[in-house]
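These protein sequence lines map, in sequence, to chains W and G.
First residue of the first sequence? That's 1 in the numbering used here, and the numbers climb one at a time after it.
First residue of the second sequence? That's 1 in the numbering used here, and the numbers climb one at a time after it.
Cβ atoms here follow ideal geometry from the backbone N, Cα and C, with glycine treated the same way.
So the structure is just underneath, and the comments pick up after that.
2 protein chains.
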Amino acid sequence: MTGLTLGPFPGSDKAYLEHPQRPDIRVPVRVIRQSPTQEHLGSLTRSVPNPDVYVYDASGPYSDAAAQIDLERGLSPVRTWVKPRGRTQMQAARAGEITPEMEYIALREAMRQPEDGGLTHQHPGFGHGFAMPREITPEYVRAEVARGRAVIPANVMHPELEPMIIGRGFRVKINANIGNSVVRASIVDEVEKLIWATRWGADTVMDLSTGPEIHQTREWIVRNSPVPIGTVPIYQALEKVGGVAEDLTWEIYRDTLIEQAEQGVDYFTVHAGVRLPWLPLTANRRTGIVSRGGSILARWCLAHHQENFLYTHFREICEIMREYDVTFSLGDGLRPGSIQDANDQAQFAELQTLGELTRIAWEEGVQTMIEGPGHVPLHLIAENMTRELEACLEAPFYTLGPLTTDIAPGYDHITSAIGAATIGWHGTAMLCYVTPKEHLGLPDREDVREGVVTYKLAAHAADLAKGFPGAQYRDNAISKARFEFRWEDQFNLSLDPERARAFHDQTLPAEAAKTAHFCSMCGPQFCSMKLSQDLAGDLQAYMAEGLAEKAQEFRSQGGEIYAAARDDG
Amino acid sequence: MTGLTLGPFPGSDKAYLEHPQRPDIRVPVRVIRQSPTQEHLGSLTRSVPNPDVYVYDASGPYSDAAAQIDLERGLSPVRTWVKPRGRTQMQAARAGEITPEMEYIALREAMRQPEDGGLTHQHPGFGHGFAMPREITPEYVRAEVARGRAVIPANVMHPELEPMIIGRGFRVKINANIGNSVVRASIVDEVEKLIWATRWGADTVMDLSTGPEIHQTREWIVRNSPVPIGTVPIYQALEKVGGVAEDLTWEIYRDTLIEQAEQGVDYFTVHAGVRLPWLPLTANRRTGIVSRGGSILARWCLAHHQENFLYTHFREICEIMREYDVTFSLGDGLRPGSIQDANDQAQFAELQTLGELTRIAWEEGVQTMIEGPGHVPLHLIAENMTRELEACLEAPFYTLGPLTTDIAPGYDHITSAIGAATIGWHGTAMLCYVTPKEHLGLPDREDVREGVVTYKLAAHAADLAKGFPGAQYRDNAISKARFEFRWEDQFNLSLDPERARAFHDQTLPAEAAKTAHFCSMCGPQFCSMKLSQDLAGDLQAYMAEGLAEKAQEFRSQGGEIYAAARDDG
């Protein structure tokens, strides 16, 4: 890594939405300023202001110019109200309590835009049998958490967290993985990657470190993280037994859970569904078991000829998680690692088990989400979602991609973004990113950015398709800016302003080009948007003269010219 | 550009499939060689060969080490049989004739793999009400062309062409746009871009040049192109009248059509559906008319208060096209340029007109495809396909993306690949690529590569989903190579071997790493594929010992442990 990137995005301010009753609840938001539209009326020019655009902001205090950043001290607490040993969010919700986290989340998800300046919200979509709410209220948040259809990953030991929610009635979220392996390792690198990933929009971050100094790396990450941190505790447990899977024991795993929960990890991937009887179902697969946790546990089960100890000790795990309000991410250890293995028996047998476990976790008051694949061709994606909703009682689904073909290593952020947008539309609540380095190596800084932005656009495509209230506001604003040749606004409203600007400037770097009515793609004479803008006057005249009616007549005539063709062609 | 890239891909040979009866029909194919699998049986190692993999190859003689390339002379004729003034492919097909082009295409599409080495073909998909054929035969090709459900763009004046087909019963194709604008122009650059785009897999190329020397640029492109070339003749017509749309006339346009048809252009985009009565429907759009051709013709119509001359002269256009067997690509001049404008009245009014025109073109024996959007959110994509099939009598659909959100300039190859894969699965026959520079500037060499490879993977994802026979063969082969740590094979089987290799080598450049059972992503101890491979022995033992049965008992017991939970949870 090459150091921290701090301060707001170009053309943007960091601001906070205030809660009307609770001054301790201040929800971060990125406010994008726009330049005015220049309207030409004959020889007169009138300047018409365009409204600020509010954007959901996962970047934490790092994008706040006023914040004091000190990685050694960590972030200041946001959840000043949080106390150890209370009820979990789920238990509180069931008891009818609206927690401060729920209040915070309702403000954050609703993200009401200022005066909308005539931008309309079209295409109310649909959520595949699940109606989107008209408004995100604290009560709505509570009800979804109580029902188990949404989770608020928020360990009581992680007060630095800015609360967020994962559920299909909310904005689709994305996760970025970081973490060193033995091949490359540096603690500060990992913290920088965390800050970098959230800057580009990661809603949660998983620390998948497996190398040395695993405890200390995690401590730095949690203390500096404004987003929920997830881990796979079996990785550290395996380190403790020198990498020999057979030597794992329930006691070592249990102690690892407690150690990590104490540090403030917000959700744990637990591969409790990798059951001994399911392993023979993987024998004829193209790519066997491709989940790291899954293969570790499979090895343990086969070495001992015993059932997975995470399965047999599941209630005890629940008790630890409840104590800290750590959320389950029930791992899909048997997910398909190739198109050929998609939707096979092994995968769906495990999914049924995850459903059983969800029921138990809910009995114990523990929030739960379900991990999903993997590699799945487009026509088999919907079945994954349907089965998950059925087997797992509508607990939030959290998928890795899925990749829709195996043949494009180097481009797997894209093979998987296709699957991710599709499954997000169908109801997946969080999408785990895939970087261009998938299958090939450890992602670097630029890979993380590419992966996060790609997943932001996939999640947003899903939000549009499922009709999330207000999702289209930003699309409308950027399209208006584009049509009016407000280049700076187009850059600033985009997911990656720096890249948009750099690409434009590659051929037209001059400052004057930032207001030019063309770009190098088509040149000044052939810009359709320019031609179309210039048409406006003619079109108004045409319509005003009532020629539209004449055209209607003409249309029927035109129809007749080809009437013969229509009848016998 | 930085010069020509010639010769075969790494690990590949250029080869030709021979037609059993016709020695003049030789279909190019890329043959990827694989290294053997090392099977370990106790202390013995056995080397088991893996079959060659045949890949559809659009790169022409440029990837043939034996070919003599001379851009000034152009390519040697492939269609040695072709004669001016014959029947169009459609007319011949209707008369029951199987043309040499159809024979060629049947061999090319079927692309039978050699001995498949145990690779299975799973998941026969579906084509949304259109059954995929079990086998691609010359007769099948003929029938689809006769019915108008597929086109073979092949101007009789373009003998250098390697015939290919566009239709939803065949592999999904992709188009790459090249062409200079006044801002950047060089003829050799454009020819190099053509060769570069087809090397990465472009099935057709559109020359959208608008700058100076438009005729000569096109001449060089056609003479050196193994793939069909498309153009938008209105661009050159506009150049002829000094860029003043109002000054366009039917006569100038007609002469331009003939000029380009004489040169050998294989398909023309004709915006005959931009009718005067539809223009008022665009008045309240977010982004007006974003098609260049569309906005030029709208301007002409409004300036003259007359119907589009391409519409009124449509039968005369058909006569010219029939003479050369140029294929129509009926332009969607009123396509949406933003999410808000998707699926609006203007778009669908034009689509109805394109249906009318299709009927006429077919009467005249002219092959026809239909252009489609544009910017469309995921949930509105299927409707585009359904309406096109209905209105345009199942003529092949050829879409630009569509982009599924407006907010990611710099990443629009991805926002659009999501839409492209989706609409390809639903039946779109050809996908027009979008590069990362879309909306921002003219693509350079690397943008073309990024755009083409992205669209190849989207088209392949669609082929898998629609169950094209044998499409999964390459996925299975690369996944087998991946699982067996045959890194070189994984690179060579991928869509972009150079990038896959470069990404791997970034962290593990040593030659030894090319056979290592891990990469830098997870490191040697945590590679799930390695763990899973190592499991194979244990798993076999477990299964052989009949423990699977015991596990079955255990499973029912396990079920009972949680029976209470299941009943009341």
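W/L75 is positioned such that its CB atom lies closer than 8 Å to that of W/N224. Under DSSP, W/R94 takes part in no beta bridge, so it has no partner. Contact note: W/R286 reaches chain G through N476, S479, K480, F483, using a C-beta cutoff of 8 Å and chain order. In the three-state reduction of the DSSP assignment, W/R299 falls in the helix class. For G/E390 and G/F397, the gap between their C-alpha atoms comes out near 11 Å. Using beta-carbon distances, G/G372 does not count as an interface residue toward chain W, since no partner is under 8 Å.
Here DSSP, grouped into helix, strand and coil, assigns W/D207 to strand. Annotated three-state conformation of W/R26 is strand, per DSSP.
Note that the C-beta distance between G/D266 and G/P226 is not below 8 Å. As far as DSSP is concerned, W/D444 takes part in no beta bridge. Separation of G/A349 and G/R149 (C-alpha to C-alpha, rounded to the nearest whole angstrom) is 22 Å.
Residue range 528–544 is occupied by the alpha helix (DSSP H) that includes W/M543. In the three-state reduction of the DSSP assignment, G/G167 falls in the strand class, which pools E and B. DSSP places G/D13 within a strand segment (E or B) once states are collapsed to three. If you look at W/N50, you'll find it isn't in any beta strand (DSSP E); DSSP assigns it neither H nor E. W/K14 and W/Y62 have their C-alpha atoms some 10 Å from each other. Assignment of beta-bridge partners to W/G372 by DSSP yields W/T399. Only those residues of the region 510–529 of chain W whose C-beta falls short of 9 Å from the nearest C-beta of chain G are listed: F518, C519, S520, M521, C522, G523, P524, Q525, F526, C527, S528, M529. Proximity of chain G to W/V290 at the Cβ level (cut-off 8 Å) is accounted for by S528, M529, S532, in chain order. Ranked by Cα distance from G/A502, the options W/E438, W/K530, W/R501 are led by W/E438.
Here W/S329 is buried, its C-beta having at least 16 other C-beta atoms within 10 Å. Listed in chain order, the beta strand (DSSP E) elements of length 3 or more contained wholly in the region 332–379 of chain G are 368–372. Going by beta carbons, G/L378 and G/T422 fall inside the 8 Å limit. The beta carbon of W/T231 sits no closer than 8 Å to any beta carbon of chain G. Residues of chain G with a Cβ closer than 8 Å to the Cβ of W/D538 are, in chain order, R299, L302, A303. Residues of chain W with a Cβ closer than 7 Å to the Cβ of G/R112 do not exist, since the nearest Cβ in that chain sits about 19 Å away.
In this structure, DSSP gives G/G3 a state outside helix and strand, which the three-state scheme calls coil. When only Cα atoms are considered, G/A131 and G/F170 end up about 11 Å apart.
Contact between the region 260–280 of chain G and the region 143–157 of chain G is present, with at least three C-beta pairs closer than 8 Å. G/T327 sits away from W/A461, with the two beta carbons spaced by 8 Å or more. For chain G, the residues of the region 188–219 of chain W that bring a beta carbon within less than 8 Å of one of its beta carbons are T210, G211, in chain order. G/I25 is not a Cβ neighbour of G/S12, given a cutoff of 8 Å.
Chain order gives the chain W residues near G/S494 as I407, A408, P409, G410, where near means a beta carbon separation below 8 Å.
Between G/P277 and the set G/K466, G/N384, G/A298, G/D332, the nearest pair of CA atoms involves G/A298. For W/I418, the C-beta contacts it makes with chain G under 7 Å involve A417, I418, A421, A458, A461, in order along the chain. By the Cβ neighbour-count rule, W/T368 is buried, with 16 or more other Cβ atoms within 10 Å of its own.
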